[in-house]
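Engineer: Supplied in structure tokens, the structure appears directly below.
Number of protein chains: 2
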Amino acid sequence: PNEFTIKVVNVMLQLKELGKEDPRRVIHSLKVAFAITLVSTFYYLKPLYDSFGSSAMWAVMTVVVVSEFSVGATLGKGLNRGLATFLAGVLGLGSYYMVHSISRGNTTIEPILLGIIIFLATAGATYIRFIPLMKARYDYGLLVFILTFCLVSVSSYRDHEIIDTAQDRVTTILVGGLISVLVNIFLCPVWAGGDLHNLASKNIEKLGNFLEGFGDEYFGTLEAGELNKSLMQGYKSVLNAKQVEDNLVNFARWEPCHGRFRFQYPWQQYQKIGNLSRQCAYRIDALNGFLNNFTKTPKEIKSKIQEPCIKMSMETGKALKQLSISIHKMAPPTSAETHIATSKIYATNLRSMIKTKLWEDTNLFEVVPVVTVASLLLDVVSSTEKLAESI
Amino acid sequence: PNEFTIKVVNVMLQLKELGKEDPRRVIHSLKVAFAITLVSTFYYLKPLYDSFGSSAMWAVMTVVVVSEFSVGATLGKGLNRGLATFLAGVLGLGSYYMVHSISRGNTTIEPILLGIIIFLATAGATYIRFIPLMKARYDYGLLVFILTFCLVSVSSYRDHEIIDTAQDRVTTILVGGLISVLVNIFLCPVWAGGDLHNLASKNIEKLGNFLEGFGDEYFGTLEAGELNKSLMQGYKSVLNAKQVEDNLVNFARWEPCHGRFRFQYPWQQYQKIGNLSRQCAYRIDALNGFLNNFTKTPKEIKSKIQEPCIKMSMETGKALKQLSISIHKMAPPTSAETHIATSKIYATNLRSMIKTKLWEDTNLFEVVPVVTVASLLLDVVSSTEKLAESI
């Protein structure tokens, strides 16, 4: 029982941590619970129950399934569900009546024909789900389509008041979808677009953090540098941010205009920025590799090019941070440009230093990496700059 | 209409391409269609329909929702759904009876109490879904739990034959789940574990392809190198493979022993291999950056270190390819070791060449990158080797 207590306490701590990390999670849980409790009044209030009956079940189901974290995701799922249900309902009924008129009440042929239609429709829709574009945006819609199509065309075989049932279901699904969308939008909404915006700016800031710390760390000029280490390693989350970004872009497409984002905002732009910052992060990961075996390098060699290197990485870091701020504020990146210019000057210094002297009889391996990757970084920074300008 | 025709033809071509890329997609679609057609016989056959009635709907729903591409995903969803339905059903009934005995038939208190319970349960379950471990493995189960709990406890308020209904539903869901799992396992199964295995080995092969081509490409020794270019760029898919990998690992956990994989196979090992090959890919991406501005470098400078560089990247490439093969065959990577040894010899050569001569008055920037990144690669290769040994 003692081990069990420890486990429970651990889970509790984890839950608390999750709430601290992003308080919107707590709010989201309460929102979902509120929407579901609201929709369950369909059962409690007699007049509502009398008009919908057990179809009210579909409203509850819709709210549970559609309630997602961000507005975009909820709207996307809701629209997918609504459209797919409607379309599949119409097609399902149509195919049933077609089969019914062909078979003319023959109870052997009818199920066989229905079976064939269901087989073909399901196989087709399942296959279409493999198309990448479909998978990204309409996967849930296709699933609901298969589901509803099968239910309608199959149950029409037994239930001859099918039209009434179908109507009730569509109405309740619409009501359920509407409730969850409204609750999601009007109670502390979480906009996927805003999250995407913050993610792009934060990721660039993380890269900047690394570069600001890198010079001092590599050349060992700052002793009490322990504080920065976790900050510097923040760039690692940038490496694998692609999936999160793509999801957010897909969600953001569904969102109406809000805050500073107008309708049909160019969300793909963020994907481009993301790709560029990831390219930058790959270089930084390579740089990070040199931090760990820095003991091998004799200090005298390092010190020769210490100054321009530290300055360069510091300035590039500052430039990235300024970029991050200007993305965040949607302002043109003017102060970032001056930092980039300064770091370019240091890069030229460094190049000429390397050309002229120094390397009479030293081992190249220890100094070179900083130079190469820093020059790479300059490229990436300038291209990020171009993108930031286009916002 | 002409534009429309073009669009339709394009979609058709895309569909054909998808089938060619992975014929299992076509088979999967047919499998799902088969399972659904099978389960819809519940409606057509009178004896079956008489025993289940309209609860047969739940069997169809389960099959549609649970049928996933790989065995692991289907089993995971099926088990999640089954367990969650059962648990939520029991708890939902329990809470209803508790409320019923407290309120003693008071029709005002009863819905209020039920509402409070539903609110708390939903908020709790929704919040738990944010725990990363839960999200990865039991997300669907928690969703179904919320759904079933609400439906049962809410509809028990109106429907007093609730126990019968619940029993029917659980039975049909079990039957539906069983049908889709059986069809998925016994008709051309797609094992997530096998896919994961192939992905790990293929990704390493792609890295090898790049390195084999890199030397010739960079030094321009091979003119008709166009053929290799698309092969070389294959490494780019490795950069963002993390999400796919994590999903496959989650699915593979659900799978029983099959083929060469025993039960409780150490799937996390593949994640480690994946992380290492991604680290390697980041370095390769940096190398790739140098391919594009290689026109700047004068040929004389390059040619000085041409030979060891080409050999080194060739040997490292071969080593990676051998590693990929030995992962694929689950054999110890003996021949990879010899390649690694050879490339290490070239690396030592290169190091001493750089130390002694050459750099009197040349610009460092053009030759250095190859050396640095190649030495980095050596590190990564040797650590991948360690991992490959542990299989």
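Quick mapping for you: the protein sequence lines, in order, are chains A and B.
The first sequence begins at 1 in the working numbering and counts up one residue at a time.
The second sequence begins at 1001 in the working numbering and counts up one residue at a time.
We put the CB at the ideal spot given by N, CA and C, even for glycine.
Remember, predicted model here, so these are calculated numbers, not experimental data.
A/T295 by DSSP, collapsed to three states: which one?
Structural biologist: In the first sequence, counting from the first residue as 1, residue 295 of chain A sits at position 295. Since pLDDT at A/T295 reaches only 47, below the 50 mark, its modelled position is unreliable, and no value is offered.
Engineer: Of the residues that make up the stretch 236–247 of chain A, which ones have a beta carbon closer than 8 angstroms to any beta carbon in chain B?
Structural biologist: So the list reads L239, N240, K242 and Q243, given in the order they occur along the chain.
Engineer: Does A/A286 get closer than 9 angstroms to chain B when you measure Cβ to Cβ?
Structural biologist: Taking the first sequence and counting its residues from 1, the one referred to as residue 286 of chain A is at position 286. Answer yes: the Cβ-Cβ gap between A/A286 and chain B drops below 9 angstroms somewhere.
Engineer: Considering just the uninterrupted stretch of the alpha helix (DSSP H) at B/V1060, what are its terminal residues?
Structural biologist: By one-based count along the second sequence, residue 1060 of chain B stands at place 60. From DSSP, the alpha helix (DSSP H) with B/V1060 extends over A1056 to V1066.
Engineer: Using a C-beta cutoff of 9 angstroms, does B/V1154 count as contacting chain A?
Structural biologist: To locate residue 1154 of chain B, count along the second sequence from 1; it is residue 154. Yes, its Cβ sits closer than 9 angstroms to a Cβ of chain A.
Engineer: From the beta carbon of A/I395, is the nearest beta carbon of chain B less than 9 angstroms away?
Structural biologist: This structure does not reach residue 395 of chain A, given that chain A is present from 1 up to 391, and the question cannot be answered.
Engineer: Determine the closest residue to B/T1316 out of B/I1204, B/S1101, B/V1063 and B/R1278, with distance taken between C-alpha atoms.
Structural biologist: The sequence position of residue 1316 of chain B within the second sequence is 316, counting from 1. Ranking B/I1204, B/S1101, B/V1063 and B/R1278 by Cα distance to B/T1316 puts B/I1204 first.
Engineer: How long is the line joining the alpha carbons of B/I1273 and B/S1070, rounded to whole angstroms?
Structural biologist: For the purposes of this step, residue 1273 of chain B is taken as the residue at position 273 of the second sequence. For the purposes of this step, residue 1070 of chain B is taken as the residue at position 70 of the second sequence. One C-alpha to the other measures close to 22 angstroms.
Engineer: When you compare the CB positions of A/Y44 and B/G1094, do they come within less than 9 angstroms of one another, or not?
Structural biologist: In the first sequence, counting from the first residue as 1, residue 44 of chain A sits at position 44. In the second sequence, counting from the first residue as 1, residue 1094 of chain B sits at position 94. It is not a contact, given that the beta carbons lie outside the stated cut-off.
Engineer: So, under 8 angstroms CB-CB, B/R1081 and B/V1144 are touching, yes? Tell me the CB distance rounded to an integer number of Å.
Structural biologist: Here residue 1081 of chain B corresponds to residue number 81 of the second sequence, with the count starting at 1. Here residue 1144 of chain B corresponds to residue number 144 of the second sequence, with the count starting at 1. The Cβ separation is near 5 angstroms, so the contact holds.
Engineer: Determine, using beta carbons only, whether A/K321 and A/G215 come nearer to each other than 9 angstroms.
Structural biologist: What you label residue 321 of chain A is simply residue 321 of the first sequence in a count that begins at 1. What you label residue 215 of chain A is simply residue 215 of the first sequence in a count that begins at 1. Going by C-beta atoms, A/K321 is not nearer than 9 angstroms to A/G215.
Engineer: Helix, strand or coil for B/N1106? Go by DSSP, reduced to three states.
Structural biologist: Numbered from its first residue, the second sequence carries residue 1106 of chain B at position 106. Reduced to three states, the DSSP call for B/N1106 is coil.
Engineer: Just the Cα atoms here: how many angstroms apart are B/F1294 and A/N184?
Structural biologist: Within the second sequence, the letter at position 294 stands for residue 1294 of chain B. Within the first sequence, the letter at position 184 stands for residue 184 of chain A. Any reading at B/F1294 needs caution, since the residue's pLDDT is 47, under 50, leaving its predicted position unreliable; the model's value is listed next. So the two alpha carbons sit approximately 53 angstroms from each other.
Engineer: Quick check: is the beta carbon of B/G1177 nearer than 9 angstroms to any beta carbon in chain A?
Structural biologist: Within the second sequence, the letter at position 177 stands for residue 1177 of chain B. So, not an interface residue.
Engineer: Are three or more beta carbon pairs between the stretch 1111–1128 of chain B and the stretch 17–32 of chain A nearer than 8 angstroms?
Structural biologist: Taking 8 angstroms as the limit for Cβ pairs, the verdict is that the stretch 17–32 of chain A does touch the stretch 1111–1128 of chain B.
Engineer: Quick one: Cα of B/T1334 to Cα of B/S1343, how far?
Structural biologist: What you label residue 1334 of chain B is simply residue 334 of the second sequence in a count that begins at 1. What you label residue 1343 of chain B is simply residue 343 of the second sequence in a count that begins at 1. Computed Cα separation, rounded: 15 angstroms.
Engineer: Do B/L1248 and B/A1192 have their beta-carbon atoms positioned less than 9 angstroms apart in this structure?
Structural biologist: If you number the second sequence from 1, residue 1192 of chain B lands on position 192. If you number the second sequence from 1, residue 1248 of chain B lands on position 248. Yes. Within cutoff.
Engineer: Could you pull out every residue in the same chain whose Cβ sits closer than 7 angstroms to the Cβ of B/L1087, ignoring the five residues on either side in sequence?
Structural biologist: Your numbering for residue 1087 of chain B matches position 87 in the second sequence. F1145, listed in sequence order.
Engineer: Work out the CA separation of A/Q167 and A/V90 for me, nearest whole Å.
Structural biologist: The residue you call residue 90 of chain A lines up with position 90 of the first sequence. The residue you call residue 167 of chain A lines up with position 167 of the first sequence. Each residue's alpha carbon lies about 11 angstroms from the other.
Engineer: Counting only Cβ-Cβ distances shorter than 7 angstroms, please list the residues of the stretch 85–119 of chain A near chain B, keeping chain order.
Structural biologist: Result list: P111, G115, I118 and F119.
Engineer: Just to confirm the assignment, what range does the alpha helix (DSSP H) spanning B/F1145 have?
Structural biologist: Stepping through the second sequence from its first residue, residue 1145 of chain B is reached at position 145. Element bounds for B/F1145: P1132 to S1155.
Engineer: Determine which residues of the stretch 26–38 of chain A have a Cβ less than 8 angstroms from any Cβ of chain E, and write them out in chain order.
Structural biologist: Among the chains of the structure shown, chain E does not appear; the protein chains present are A and B.
Engineer: With DSSP collapsed to three states, give me the class of A/V190.
Structural biologist: Start at 1 with the first residue of the first sequence, and residue 190 of chain A comes out as number 190. Coil.
Engineer: Excluding the 5 residues preceding and the 5 following A/F251 in the sequence, name in chain order all residues of the same chain whose CB lies nearer than 7 angstroms to its CB.
Structural biologist: Here residue 251 of chain A is taken as the residue at index 251 of the first sequence, counted from 1. If we look at A/F251 and ignore the five residues flanking it on each side, its Cβ neighbours are S70, G72, A73, G76 and A192.
Engineer: Distance, Cα to Cα, A/Y138 vs A/S67?
Structural biologist: Position 138 of the first sequence holds residue 138 of chain A. Position 67 of the first sequence holds residue 67 of chain A. Distance between the alpha carbons of A/Y138 and A/S67: 17 angstroms.
Engineer: Can you list, in chain order, the residues of the stretch 55–67 of chain A whose Cβ is nearer than 9 angstroms to any Cβ on chain B?
Structural biologist: Within the stretch 55–67 of chain A, the residues whose Cβ lies closer than 9 angstroms to some Cβ of chain B are A56, M57, V60, M61, V63, V64, V65 and S67, listed in chain order.
Engineer: How should B/D1195 be labelled, buried or exposed, when 16 other C-beta atoms within 10 angstroms of its C-beta is the threshold for buried?
Structural biologist: Translated into the one-based positions of the second sequence, residue 1195 of chain B becomes position 195. B/D1195 should be labelled buried.
Engineer: I'd like to know whether the C-beta atoms of A/T172 and A/A59 end up nearer to each other than 9 angstroms.
Structural biologist: Counting from 1 along the first sequence, the entry for residue 172 of chain A is found at position 172. Counting from 1 along the first sequence, the entry for residue 59 of chain A is found at position 59. Yes, these two residues count as a Cβ contact at 9 angstroms.
Engineer: In whole angstroms, what separates the C-alpha of B/R1025 from that of A/N10?
Structural biologist: Within the second sequence, residue 1025 of chain B is the residue found at index 25, counting from 1. Within the first sequence, residue 10 of chain A is the residue found at index 10, counting from 1. If I take the Cα positions, the gap works out to 42 angstroms.
Engineer: In the structure shown, what three-state DSSP assignment does A/P111 receive?
Structural biologist: To locate residue 111 of chain A, count along the first sequence from 1; it is residue 111. It is helical.
Engineer: Of all Cβ atoms in chain B, is any one closer than 9 angstroms to the Cβ of A/I131?
Structural biologist: In the first sequence, the residue the question calls residue 131 of chain A occupies position 131. Closer than 9 angstroms: yes.
Engineer: Considering B/Y1043, what are the terminal residues of the alpha helix (DSSP H) in which it resides?
Structural biologist: Here residue 1043 of chain B refers to the residue found at position 43 of the second sequence. Run containing B/Y1043: R1024 to Y1044, per the alpha helix (DSSP H) assignment.
Engineer: Quick check: what's the CA-CA separation for B/I1179 versus B/P1189?
Structural biologist: Position 179 of the second sequence, counted from the first residue, corresponds to residue 1179 of chain B. Position 189 of the second sequence, counted from the first residue, corresponds to residue 1189 of chain B. Each residue's Cα considered, the two are about 14 angstroms apart.
Engineer: So is B/E1017 buried or exposed if we call it buried at 16+ other beta carbons inside 10 Å?
Structural biologist: As a position in the second sequence, residue 1017 of chain B is number 17, starting the count at 1. Under this definition B/E1017 is an exposed residue.
Engineer: Indicate whether at least one CB of chain B lies closer than 9 angstroms to the CB of A/Q188.
Structural biologist: In the first sequence, counting from the first residue as 1, residue 188 of chain A sits at position 188. Sequence check: residue 188 of chain A is Cys here, not Gln. With 9 angstroms as the cut-off, A/C188 does not count as an interface residue toward chain B.
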